[in-house]
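Heads up: the structure comes next, in structure tokens.
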Amino acid sequence: MKPGMLQSGNGYFWEYAEPYHYLKDVPFSKLMSSDKVRKQPLFYGPFRVSKLVRGQSVTWERNPHYWRGTPNLEKVSMTVIGTNSVTQAIKSHKFDIAGVVNTQWDDVKNATDTNFIGKVPLSYNYLGFKVGKWDKKSGKNVENKNSKMDNPSLRKAMAYAMNVDAVAKRYYHGLAFRVNTLIPEQFGDYTDKSIKGYPYNLKKANELLDKAGYKKKGEYRVQPNGKKLVINLAVRNNSTTAEPVWRNYIQQWKKVGLDVKFVGGRPMEFNNWVQAVQSDDPRIDVFEGGWSLSSEPSPNDLYNEAAPYNFARFVSPKQTKLLADIDSEKAFNPTYRANAFKKWQKWMYDEAYVVPTTNQYSITAVNKKVTGWSLKPSANTWFTAGFVK
């Protein structure tokens with residue numbers, strides 16, 4: 148028994164209904180590619196798919212079998228557009244509902260006849276340090292204690308040299324904010340609010356590097372063994388601001404004597420980044436990434452010894468014990484589990500294998516003629532949403 152079993156999103160129990168009577172004759176190995184899933188799926192929500200143009204749009208019609216009754220909207224059309232087109236689409240009311248690109252907030256915030264609603268998602272961005280590899284044979288992460296980044300002082304120094312607050316203000320118009328720990332504040336008592344993260348502090352970064360033996364040799368520092376230190380960084384080219392943001396951080400690291408370069412000379416196309424990070428591309432020393440989290444906060448699936456998503460590939464008997472404690476039977480006691488979470492967060496903060504950087508508000512533009520639209524987790528928005536009469 149695991150304490151997470153009491154939470155939705157725990158991964159132990161399937162929380163959705165599947166039409167067994169409809170799918171029972173499809174071999175499991177062919178389920179994902181079958182026409183019953185790909186072309187004629189059944190739905191138990193207020194709408195069902197009536198038309199699909201792959202990669203472009205989906206049209207939904209009312210589901211006559213929906214148990215609650217008839218939704219207010221007759222149909223729903225969803226369209227994929229490029230991020231550069233979002234602002235103009237909102238201003239021209241091309242869509243009734245549209246996700247806002249935060250870097251374009253100043254251009255869209257005064258759109259007429261539009262309400263903006265927002266929430267803080269269960270997610271965080273982070274800086275990860277490659278210290279090992281994934282062993283396919285054993286199904287475990289294997290840490291290399293001689294790896295370039297296997298020094299907590301170097302990792303912390305890089306974190307303290309990042310001007311995260313200034314970046315959030317300049318590039319994300321105040322809609323992004325620095326995250327201090329790997330358990331977001333939405334988890335209440337499970338979050339260790341005493342951890343202040345790594346606020347911008349070049350003096351502290353320099354002190355950490357000096358004390359750890361990273362001596363200056365000309366413009367840049369060398370490793371404690373005297374060898375040249377070049378840190379190769381893999382970042383996603385996932386927005387128009389990705390390159391200027393990370394070039395800014397490279398300049399900050401240069402201020403403390405660290406020579407950091409993009410893998411391949413620039414931010415990576417997303418699929419290439421995924422392949423490189425997951426396969427432990429030897430060119431990568433440091434990488435940035437992001438996680439969307441479940442409503443069950445256990446970090447076991449992301450950071451334990453057997454977790455494929457532990458992309459930093461760090462392993463520690465101490466951490467194994469701390470993670471086991473979070474999901475132990477003793478942790479059915481909420482106070483005990485809260486303390487277990489805090490011990491793990493403190494350990495991760497001290498070791499800095501993964502450094503949380505930012506989260507940002509998720510903003511939705513809603514045409515004023517739309518009513519009943521909500522971002523609350525409990526809301527049944529597609530059933531209740533409609534148009535003002």
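Residue numbers are given in the working numbering: position 42 of the sequence shown equals residue 189, and the series is strictly consecutive. By construction, the Cβ of each residue, glycine as well, lies at the ideal position given by its N, Cα and C atoms.
- Counting along the chain, the unbroken beta strand (DSSP E) around Ala-512 starts and ends at 509-514.
- The Cβ atoms of Thr-388 and Tyr-273 do not sit closer than 8 Å to each other.
- The criterion of a C-beta distance shorter than 8 Å is satisfied by Lys-343 and Asn-327.
- Under a 10 Å Cβ-count criterion, Lys-303 is classified as buried, with 16 or more other Cβ atoms of the shown protein chains found around its own Cβ.
- DSSP places Phe-530 inside the alpha helix (DSSP H), whose first and last residues are 528-531.
- Distance check between Lys-277 and each of Leu-269, Pro-268 and Ser-294 places Ser-294 closest, using alpha-carbon atoms only.
- DSSP, reduced to helix, strand and coil, places Phe-417 within a helical segment of the structure shown.
- The residue from Glu-165, Asn-527 and Val-513 with its alpha-carbon nearest to that of Ala-245 is Val-513.
- Excluding its 5 nearest sequence neighbours in each direction, Ile-510 has C-beta neighbours in its own chain below 8 Å: Gly-246, Val-247, Asn-249, Trp-252, Phe-263, Ile-264, Gly-265 and Leu-322, listed in chain order.
- DSSP places Met-305 inside the alpha helix (DSSP H), whose first and last residues are 299-307.
- The DSSP-derived three-state label of Val-227 is coil.
- Short of 6 Å from the beta carbon of Glu-443, and not among the five residues preceding or following it, lie these beta carbons of its own chain, in chain order: Gly-151, Gln-154, Gly-156 and Asn-157.
- Gly-335 has its alpha-carbon roughly 31 Å from the corresponding atom of Trp-393.
- If you look at Arg-185, you'll find it in the alpha helix (DSSP H) that goes 182-185.
- The beta-bridge partner set that DSSP reports for Arg-383 consists of Met-415.
- In terms of Cα proximity to Gly-216, the closest of Val-421, Ile-378 and Phe-530 is Phe-530.
- Uninterrupted alpha helix (DSSP H) stretches at least 4 residues long and entirely within the segment 241-266 occur at 252-255, given in chain order.
- Three or more pairs of CB atoms, one per stretch, sit closer than 8 Å, so the segment 364-381 contacts the segment 429-437.
- The way I'd put it, the segment 308-318 doesn't touch the segment 479-493; fewer than three beta-carbon pairs between them come closer than 8 Å.
- The C-beta separation of Glu-498 from Pro-268 comes to about 26 Å, leaving the pair out of contact by the 8 Å criterion.
- Non-local beta-carbon contacts of Gly-404 in its own chain, meaning distances under 6 Å to residues more than five positions away in sequence, involve Lys-363, Tyr-367 and Arg-368 in chain order.
- Between Ala-459 and Tyr-500, the C-beta spacing is below 8 Å.
- Selection Leu-349, Arg-195 and Leu-329 evaluated against Glu-208 yields Arg-195 as nearest (Cα-Cα).
- Nearest in C-alpha terms to Lys-171, of all of Lys-183, Trp-161, Tyr-163 and Glu-162, is Lys-183.
- Annotation: Lys-177 is outside any beta strand (DSSP E) and is labelled neither H nor E by DSSP.
- Minimum Cα-Cα distance from Trp-214 among the listed residues Thr-206, Tyr-191 and Asn-372 corresponds to Tyr-191.
- The straight-line gap separating the alpha-carbon atoms of Val-502 and His-168 is approximately 47 Å.
- In the three-state reduction of the DSSP assignment, Ser-232 falls in the helix class.
- Scanning the segment 343-400 from its first residue to its last, the whole beta strand (DSSP E) runs of 3-plus residues come out as 377-381.
- Taken atom to atom, the span from the alpha-carbon of Gly-279 to that of Tyr-163 is near 37 Å.
- Assignment of beta-bridge partners to Leu-274 by DSSP yields Glu-435 and Val-502.
- The beta carbon of Val-410 sits closer than 8 Å to those of Asn-379, Leu-380, Ala-381, Ala-423, Asp-428, Arg-430 and Ile-431, all from its chain and outside the five residues before and after it, given in chain order.
- In the same chain as His-320, and ignoring 5 residues on each side of it, the C-beta atoms closer than 8 Å to its own belong to Asn-249, Thr-250, Trp-252 and Asp-253, in chain order.
- Remark: C-beta atoms of Leu-349 and Lys-408 do not approach each other more closely than 8 Å.
- Shortest Cα-Cα distance from Phe-417 to any of Asp-260, Ser-386 and Arg-185 involves Ser-386.
- Secondary structure note for Val-196: it is in no alpha helix (DSSP H), and the uninterrupted beta strand (DSSP E) holding it is 194-200.
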